[in-house]
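Engineer: Residue numbers (the numbering used here): 44 to 377.
Quick one: the structure is below, and I'll ask about it shortly.
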Amino acid sequence: MGNFGIARERIRWLTGIVCFILVLFGFRLIDIQAVQAQTYAQRASNEMSRTSIMPAPRGAITDIHGFEFARSVSALNVVVDQTLVKDPDKAAQIAAPILSMSIADVKNQITGTRRWYMVARNVTPARWNALNAAFAKYNQSLPREQMSKRIFGFFAERGYIREYPSGKAVASLVGFVRQSGVGASGIESSMNSIITGTDGKYMYANGYGAQIPGSQQELITAKTGTSVRLTIDRDVQWVASQAILAAVKKSHALSGTVIVMDPKTGAILAHATAPTFDPNNTENVSLAAMRNPSVQDVYEPGSTGKVITLAAGIEEKKISPSTVFTVPYSLRVS
44 MGNFGIARER IRWLTGIVCF ILVLFGFRLI DIQAVQAQTY AQRASNEMSR TSIMPAPRGA
104 ITDIHGFEFA RSVSALNVVV DQTLVKDPDK AAQIAAPILS MSIADVKNQI TGTRRWYMVA
164 RNVTPARWNA LNAAFAKYNQ SLPREQMSKR IFGFFAERGY IREYPSGKAV ASLVGFVRQS
224 GVGASGIESS MNSIITGTDG KYMYANGYGA QIPGSQQELI TAKTGTSVRL TIDRDVQWVA
284 SQAILAAVKK SHALSGTVIV MDPKTGAILA HATAPTFDPN NTENVSLAAM RNPSVQDVYE
344 PGSTGKVITL AAGIEEKKIS PSTVFTVPYS LRVS
């Protein structure tokens, strides 16, 4: 076989190999674009997008005229994707002073394998911006060989804090909400299942551990909780709260409660206790101060027992509803 024949044979083999490779590429292309197209599309979507909770506001608590005793106000919650935090120690050192938390607490919350974890609730926009600026400054200071240590994975989610415009005047009645968003006392607790809203969900595009602005897409709409209107009149409540506070101070009593009722309808117009607390700031308030004695404590029957005595007297025909009793000013008990 001459040189020409050898060259032709080599070209034939080379052509066959190339054709074989092209056929393999073709089969692989069909597999990716047709057979497993949905699987790969879903994988790509998972890499580029994330889902997050959309908190729902609680319903308001109002007086008989619609004045709000309790309402939800927008705030920011800082959450983290723990899998994106490559240097928890440094991230905690930067975030702790800005969020007014200890380094140990922050590190504990950002270390792990969870894709979503709460770091801090009710953060002001100013603090969130300061946190972002601090991370950006640190990331820019890293040399090229340490770029893998850049800090990513922190997100701001819209949340709500509870605000009580009337403060102490209705604290024992309305109660307050824990940091977790669950009612802890008063109406907030007893009607928690009604007032609590239903959280929604949204999807966003993920870019280097941060949400891409404008990419948010609502998946499940958050539903606001049901508002509750009380029979309480704000003005009467304020007068009652001031009166019981003054009475407790004057008599040096441990506590006092005043309830104002409309005798025609039985509607409660005011319900105040003293001492009380500020529901807008419960950090250092004792559990005893949060109690509502007229609802939570046990009392001797007292005058309420007269109903049974009167009913027994009428049943035995010893007295009638119009019988007048002469009650002595004093009673000696031996």
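Glycine is no exception: its CB is placed at the ideal position from the N, C-alpha and C atoms.
Just so we're clear, the structure is a prediction, and the values are computed from it rather than from any experiment.
1) Taking Cβ to Cβ, would you say R93 is nearer than 9 angstroms to Q125?
2) Can you check whether the CB of A147 is closer than 9 angstroms to the CB of L177?
3) Measuring straight from C-alpha to C-alpha, what distance separates D106 and V279?
4) What do you reckon, are the CB atoms on R101 and G268 nearer than 9 angstroms?
5) Given a threshold of 16 other Cβ atoms within 10 Å of its Cβ, counted over all protein chains shown, does T1 qualify as buried or as exposed?
6) Secondary structure at T94, three-state DSSP: helix, strand or coil?
7) On the DSSP bridge list, what partners appear for T105?
8) Have a look at N335 and A290 and give me their C-alpha separation to the nearest angstrom.
9) So, M234 versus G243, is the Cβ gap smaller than 9 angstroms?
10) For the ligand ATP, any of its heavy atoms closer than 8 angstroms to the Cβ of I194?
11) Would you call D276 buried or exposed, if buried means 16 or more other Cβ atoms sit within 10 Å of its Cβ?
12) Could you tell me whether the region 301-311 touches the region 195-207, where touching means 3 or more Cβ pairs closer than 8 angstroms?
13) Assign K150 to buried or exposed, taking buried as 16 or more other Cβ atoms, counted over all protein chains shown, within 10 Å of its Cβ.
14) Starting from the C-beta of S191, find all residues in its chain whose C-beta is less than 7 angstroms away, skip the five residues before and the five after it, and write them out in chain order.
15) Can you tell me whether A355 is buried or exposed, with buried defined as 16 or more other CB within 10 angstroms of its CB?
16) Can you check whether the C-beta of F68 is within less than 9 angstroms of a C-beta belonging to chain C?
17) Alpha carbon to alpha carbon, how far is V123 from G155? Give it in angstroms, no decimals.
18) Would the beta-carbon of F19 fall within 9 angstroms of that of S215?
19) With burial defined as no fewer than 16 other Cβ atoms inside 10 Å of the residue's Cβ, what is the status of P98: buried or exposed?
20) Only counting the same chain, and skipping five residues up and downstream in sequence, which positions put a Cβ closer than 8 angstroms to that of I237?
21) Residues bridged to M161 by DSSP?
22) Using DSSP's beta-bridge definition, name the partner residues of E206.
23) At the level of alpha carbons, what is the spacing between K292 and A331?
24) Would you say R162 and L142 are within 9 angstroms of each other, going by their C-beta atoms?
25) Is it true that the CB of I230 sits closer than 9 angstroms to the CB of G218?
Structural biologist: Let's see:
1) no
2) Reading off the sequence, residue 177 comes out as Ala, not Leu. In this structure, A147 does not lie closer than 9 angstroms to A177 by Cβ.
3) 11 angstroms
4) yes
5) The structure shown does not extend to residue 1, since the chain is modelled only from 44 to 377, so the question has no answer here.
6) strand
7) E111, R272
8) 17 angstroms
9) no
10) Absence of the ligand ATP is noted for the structure shown, with no ligands found whatsoever.
11) buried
12) no
13) buried
14) K129
15) exposed
16) The displayed structure is made up of one protein chain only, and chain C is not part of it.
17) 10 angstroms
18) There is simply no residue 19 to check, as the chain begins at 44 and stops at 377 in what is shown.
19) buried
20) G102, G268, T269, V271
21) V122
22) R114
23) 18 angstroms
24) Reading off the sequence shown, one finds Val at residue 162, where the question assumed Arg. Yes; because the gap between Cβ atoms is below 9 angstroms, this pair is in contact.
25) yes
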